[in-house]
Every structure is written in structure tokens, then in C-alpha cells.
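Scroll down for the structure; my scribbles are underneath it.
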Amino acid sequence: MSVTNHTPGRQCDECEGFCLRLATIDEANTALAVAYTHQGRLQACEALIKAGQAEAKRLRALIAAKRNGAAA
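If you're matching positions, the sequence shown starts at -15 in my numbering and goes up one per residue.
Have a look at this one:
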């Protein structure tokens, strides 16, 4: 299952959040909004944290590249 067909409940319990491992911030937020079990909310929160860290890394690299380009 992928994040595009993520549904809370039985399917998510079966994959233990595996479908959210590459979720974007928006996808993880959506999963969190519709989660109705503590386990589902935890999985969505963990996906949201991971997505936020990935976005922060991407933005840091973009800022560094712009700084290096401006310094050259």
C-alpha cells in the first residue's frame, strides 16, 4: 500500500504505518486528521515528523546553494 491509498483502520494496522514512510507533510497531516485510533495517530505523527525533517533538509540545502551562488 502507498500513501496515496492510505486509509486509517484495518489496512493501516496491517502495514503498521509502512504506507506513510514517504509521506509529504500534507499527506501526513491528512492521515492524522482522519486517524481514529491512538496507533493510527501515532503513525501519522511519526510520518509528519519525518516529512518535516525532510522538508527542512531540502530547504537548508536550497538556502546554502543560494548563499554559495551569491558569494561566487
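Where a beta carbon is used, it is the ideal one built from N, C-alpha and C, also for glycine. Remember, predicted model here, so these are calculated numbers, not experimental data.
Give the straight-line distance between the Cα atoms of residue i and residue j, rounded to the nearest whole angstrom.
| i | j | result |
| --- | --- | --- |
| N13 | A28 | 7 Å |
| F2 | A17 | 18 Å |
| R44 | R51 | 10 Å |
| A48 | Y20 | 40 Å |
| L26 | L46 | 30 Å |
| E38 | G24 | Reading off the sequence, residue 38 comes out as Ala, not Glu. The straight-line gap from Cα to Cα measures roughly 21 Å. |
Between which two residues does the alpha helix (DSSP H) harbouring residue i extend?
| i | result |
| --- | --- |
| A12 | 9 to 18 |
So is residue i in contact with chain D if we call contact Cβ pairs under 8 Å?
| i | result |
| --- | --- |
| Y20 | In the structure shown, chain D cannot be found, because there is only a single protein chain. |
Looking at residue i: is its Cβ nearer than 8 Å to the Cβ of residue j?
| i | j | result |
| --- | --- | --- |
| A7 | A35 | yes |
List the whole-angstrom C-beta distance separating residue i from residue j, where the pair is believed to meet the contact cut-off of C-beta under 8 Å.
| i | j | result |
| --- | --- | --- |
| G31 | A15 | For the sequence presented, residue 31 should be read as Ala rather than Gly. Indeed, because the Cβ distance is near 6 Å, the residues count as touching under 8 Å. |
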